[in-house]
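In this note's numbering, the protein residues as written are 2 to 205.
Positions of the beta carbon are idealized from the N, C-alpha and C atoms, including for glycine.
It should be emphasised that the depicted structure is a prediction, and the values quoted were computed from it without experimental measurement.
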């Protein structure tokens with residue numbers, strides 16, 4: 002499992018102006034014991050990060066189709082996380098190639114989203130993130146991912162995932178001012194633009 006401190010502190014803190022809410026100081030089992038059955042986190046405040054800023058934090062750029070969601074508590078039990086297998090992935094960029102002989106299509110890539118529903122002591126508890134609503138199984142996506150252990154976290158938690166539909170992409174982050182240059186952009190054009198930025202950053 003991925004700890005809240007490692008992920009939030011290591012990624013969100015790198016995005017200028019993005020504030021992490023710290024209102025909850027009890028674990029989810031403690032919250033459930035008090036009779037609560039869910040919570041909603043607001044959209045991050047502050048300036049919206051650019052796609053190029055997110056690409057600077059990206060370890061893996063890939064296209065694939067989302068598998069079945071699997072929700073669980075974080076290591077510190079302070080939040081709910083949901084894992085999705087990225088089926089038949091096409092890896093466009095990898096900052097540190099694995100060196101494995103396994104083909105891209107058969108690689109096991111698990112991406113993690115904040116929020117989801119878990120069973121805690123017989124009670125269903127749902128955590129909703131306003132910045133990125135629950136991803137849907139079967140959706141084809143273009144993902145900017147940060148490696149954390151043996152899994153991959155959506156870069157910036159809310160920002161690094163785009164839906165592919167009819168050959169174009171749309172950010173799934175709910176803020177209307179995020180990634181205006183990529184909204185409705187043809188997939189191939191978007192890939193080329195992101196790869197140019199990634200390769201340019203690695204040469205510096």
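At which residues does the beta strand (DSSP E) containing residue 170 begin and terminate? Mapped onto the chain shown, residue 170 falls at position 169. DSSP places residue 170 in the uninterrupted beta strand (DSSP E) bounded by 169 to 172.
Cβ pair count under 8 Å reaching 3, the segment 132 to 150 against the segment 52 to 59: The segment 132 to 150, when compared against the segment 52 to 59, does touch it at the 8 Å Cβ threshold.
Out of 91, 39, 53, which has the shortest C-alpha to C-alpha gap to residue 197? Position 196 of the chain shown, counted from the first residue, corresponds to residue 197. In terms of Cα proximity to residue 197, the closest of 91, 39, 53 is 53.
7 Å Cβ shell around residue 194 - same chain, five flanking residues per side excluded: Position 193 of the chain shown, counting from 1, holds the residue named residue 194. Apart from the 5 residues on each side of it in sequence, residue 194 has no Cβ closer than 7 Å to any other Cβ in its chain.
Distance between beta carbons of residue 128 and residue 117, contact taken as under 8 Å: Taking the chain shown and counting its residues from 1, one reaches residue 117 at position 116. Taking the chain shown and counting its residues from 1, one reaches residue 128 at position 127. About 6 Å; that satisfies the 8 Å criterion.
Let me know the secondary structure DSSP gives residue 38 once reduced to three states. What you label residue 38 is simply residue 37 of the chain shown in a count that begins at 1. Here residue 38 sits in coil by DSSP.
Excluding sequence positions up to five away, which residues of its chain have a Cβ less than 6 Å from the Cβ of residue 185? As a working mapping, residue 185 is identified with position 184 in the chain shown. Excluding sequence neighbours, residue 185 sits near 169.
Among 152, 63, 161, 149, whose alpha-carbon lies nearest the alpha-carbon of residue 134? Looking up residue 134 in the chain shown gives position 133. Among 152, 63, 161, 149, the Cα nearest to that of residue 134 belongs to 161.
On a CA-only basis, which of 178, 192, 92 is nearest residue 46? Give me that one, please. Translated into positions along the chain shown, residue 46 becomes position 45. The residue from 178, 192, 92 with its alpha-carbon nearest to that of residue 46 is 178.
How far does the alpha helix (DSSP H) with residue 52 in it reach, from first residue to last? Along the chain shown, one-based indexing puts residue 52 at 51. The continuous alpha helix (DSSP H) containing residue 52 extends over residues 52 to 56.
Residue 174 to residue 40 span [Cα, whole Å]: In the chain shown, counting from the first residue as 1, residue 174 sits at position 173. In the chain shown, counting from the first residue as 1, residue 40 sits at position 39. Distance between the alpha carbons of residue 174 and residue 40: 19 Å.
Hey, would you say residue 176 sits closer than 7 Å to residue 66, going by beta carbons? Reading the chain shown from its first residue, position 175 is the one you call residue 176. Reading the chain shown from its first residue, position 65 is the one you call residue 66. The answer is no: Cβ separation not under 7 Å.
For residue 136, which of 35, 189, 119, 69 has the nearest alpha-carbon? Within the chain shown, the letter at position 135 stands for residue 136. The shortest Cα separation from residue 136 among 35, 189, 119, 69 belongs to 69.
If distances are taken between C-alpha atoms only, which option among 77, 73, 110, 132 comes closest to residue 88? Residue 88 sits at position 87 when you count from the first residue of the chain shown. For the residues 77, 73, 110, 132, the minimum Cα distance to residue 88 belongs to 110.
Anticipated Cβ contact below 8 Å, residue 157 with residue 50, distance rounded: Here residue 157 refers to the residue found at position 156 of the chain shown. Here residue 50 refers to the residue found at position 49 of the chain shown. The Cβ separation is near 6 Å, so the contact holds.
Let me make sure I understand the geometry here. Which of 167, 119, 131 has the alpha-carbon closest to that of residue 43? As a working mapping, residue 43 is identified with position 42 in the chain shown. Of 167, 119, 131, the residue nearest in Cα terms is 131.
DSSP three-state label for residue 176, please. Stepping through the chain shown from its first residue, residue 176 is reached at position 175. In the structure shown, residue 176 falls within a coil segment according to DSSP collapsed to helix, strand and coil.
Could you check the C-alpha separation between residue 167 and residue 97 for me, to the nearest Å? Here residue 167 corresponds to residue number 166 of the chain shown, with the count starting at 1. Here residue 97 corresponds to residue number 96 of the chain shown, with the count starting at 1. Approximately 31 Å between the Cα atoms of the pair.
Candidates 126, 85, 63, 76: which alpha carbon is nearest residue 91's? Within the chain shown, residue 91 is the residue found at index 90, counting from 1. Checked all of 126, 85, 63, 76; the closest Cα to residue 91 is 63.
DSSP three-state assignment for residue 182, whether helix, strand or coil: Residue 182 sits at position 181 when you count from the first residue of the chain shown. Here residue 182 sits in helix by DSSP.
Bridge partners - residue 114, DSSP secondary structure assignment: Stepping through the chain shown from its first residue, residue 114 is reached at position 113. Note: residue 114 sits in a beta bridge opposite 83.
Between the Cα of residue 81 and the Cα atoms of 94, 95, 126, which residue gives the shortest distance? Indexing the chain shown from 1 puts residue 81 at position 80. Nearest of 94, 95, 126 to residue 81, Cα basis: 126.
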